[in-house]
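What follows is a short report on a single structure.
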DNA sequence: TATTGTTATACTCTATAACTATA
DNA sequence: TATAGTTATAGAGTATAACAATA
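Chains as they are written, first to last, in the working numbering: chain A, 1 to 146; chain B, 147 to 292.
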């Protein structure tokens with residue numbers, strides 16, 4: 001599916017339309033750049049999540065991304081198959097699995113984040129740098145709801 | 147799935163994350179308001195599309211929304227079952243079906259667009275009016291790619 | 001031959017319910 | 001009893017392929 005063309009104002013001014021198509025365009029720009037790394041944007045999001053800060057359990061990670069814990073199982077499986085992450089039993093609670101990056105996972109994460117910056121720059125190219133930063137800040141406040 | 151909570155900066159600053167969660171929050175706010183009208187946000191988008199300007203064929207409508215023509219068939223079926231739209235053979239080309247709104251469809255569209263404005267206002271509540279308008283303008287330019 | 005609408009089908013993404021092991 | 005992870009399964013949403021009617 002391609003991004004879009006000139007739909008009449010009534011539709012294209014809807015926030016739902018704009019958010020959906022901005023996402024589509026970003027995916028079109030970014031996915032081809034992730035492909036050489038052997039991962040999808042979704043998988044990189046997980047590497048970014050589990051690569052930063054203190055180790056998280058699968059369920060903690062799922063909550064932060066707003067996805068179901070059963071979905072997280074499959075996503076971690078994918079990354080484990082690629083040997084980019086490991087599951088480790090949590091020291092304090094043997095029910096929990098902490099997800100940590102392997103050396104290779106760390107390398108892919110770093111490369112992927114560089115690619116992400118590039119793809120985002122392509123998407124935001126129509127905007128002045130100041131406006132791009134305002135867009136990001138506005139979305140951030142809207143998502144946080146404050 | 148709920149919207150999200152405090153994920154670490156590395157993830158929450160990603161544009162893909164922000165766009166997805168803004169969309170999720172908007173849907174959470176809007177869908178309950180559409181429900182009393184007996185339609186989904188998706189269906190209202192179609193009413194808005196086919197209600198504005200000159201009549202469009204299914205395929206023209208699909209192109210403008212960036213969806214597949216086979217998907218459009220099912221969506222128009224739904225609205226036709228609810229008697230909100232009609233399919234009419236195009237005068238000049240008997241292969242094409244122009245989609246037009248019924249009287250009831252027009253009423254639902256008007257009410258739905260009012261609800262949309264309300265839901266968007268709720269989503270954008272954290273922003274000053276000026277910033278909200280800037281956000282919409284920035285997304286518009288990004289989606290148009292210029 | 002090409003295009004529009006349609007149907008049948010399959011694939012992806014996601015969630016719900018039920019199981020297990022641990023707490 | 002409750003929670004973390006897991007599995008099986010089902011439901012959206014979407015696309016691909018093939019067909020009928022029309023151009």
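Cβ atoms here follow ideal geometry from the backbone N, Cα and C, with glycine treated the same way.
Values in this document were obtained by computation on a predicted structure and should not be read as measured data.
Chain B contact residues for residue i, given Cβ-Cβ distances below 8 Å
| i | result |
| --- | --- |
| residue 142 (chain A) | 168, 171, 269, 270, 272, 273 and 281 |
CB contact below 7 Å: residue i versus chain A
| i | result |
| --- | --- |
| residue 194 (chain B) | yes |
| residue 276 (chain B) | no |
| residue 147 (chain B) | Bear in mind that a pLDDT of 42 at residue 147 (chain B), under 50, signals an unreliable position, so the model cannot answer this. |
| residue 150 (chain B) | A caution first: residue 150 (chain B) carries a pLDDT of 46, below 50, which makes its placement in the model unreliable, though a value can still be read off. Yes - at least one Cβ of chain A is within 7 Å of the one on residue 150 (chain B). |
Closer than 7 Å to chain B by CB, residue i
| i | result |
| --- | --- |
| residue 37 (chain A) | no |
| residue 195 (chain A) | Since the displayed chain A opens at 1 and closes at 146, residue 195 (chain A) lies outside it and no answer follows. |
| residue 10 (chain A) | yes |
| residue 32 (chain A) | no |
Chain-ordered chain B contacts of residue i [CB-CB under 7 Å]
| i | result |
| --- | --- |
| residue 120 (chain A) | 161 |
Residue i: contacting residues in chain A (beta-carbon distance under 9 Å)
| i | result |
| --- | --- |
| residue 262 (chain B) | 14, 15 and 16 |
DSSP bridge partner residues for residue i (one or two, in chain order)
| i | result |
| --- | --- |
| residue 76 (chain A) | Note: residue 76 (chain A) sits in no beta bridge, so no partner. |
| residue 231 (chain B) | B:247 |
| residue 56 (chain A) | A:99 |
Proximal residues of chain A, C-beta to C-beta of residue i below 8 Å
| i | result |
| --- | --- |
| residue 165 (chain B) | 19, 22, 23, 26 and 139 |
Chain-ordered chain A contacts of residue i [CB-CB under 7 Å]
| i | result |
| --- | --- |
| residue 201 (chain B) | Correct list: empty, because the minimum Cβ distance to chain A is about 12 Å. |
#### Entry: Short-range partners of chain B found in the region 86-113 of chain A, where Cβ spacing is below 9 Å
Shown in chain order are the members of the region 86-113 of chain A whose Cβ falls below 9 Å from a Cβ of chain B: 113.
### Query
Can at least three beta-carbon pairs, one atom from the region 19-37 of chain A and one from the region 115-124 of chain A, be found at a separation below 8 Å?
Contact check between the region 19-37 of chain A and the region 115-124 of chain A: three or more CB pairs, one atom from each, fall below 8 Å, which counts as touching.
### Query
Taking any Cβ of chain B, which residues in the region 62-86 of chain A have a Cβ under 8 Å from it, in chain order?
Correct list: 63, 64, 65, 66, 67 and 68.
### Query
Per the contact definition of three or more C-beta pairs closer than 8 Å, is the region 88-103 of chain A in contact with the region 123-142 of chain A?
Because the criterion of three Cβ pairs below 8 Å is not met, the region 123-142 of chain A and the region 88-103 of chain A do not touch.
### Task
Mind the definition here: the region 204-221 of chain B touches the region 51-66 of chain A only if three or more C-beta pairs lie below 8 Å; say whether that holds.
No contact exists between the region 204-221 of chain B and the region 51-66 of chain A.
### Task
Check whether the region 70-89 of chain A touches the region 37-47 of chain A, taking contact to mean three or more Cβ pairs, one atom from each stretch, closer than 8 Å.
Taking 8 Å as the limit for Cβ pairs, the verdict is that the region 37-47 of chain A does touch the region 70-89 of chain A.
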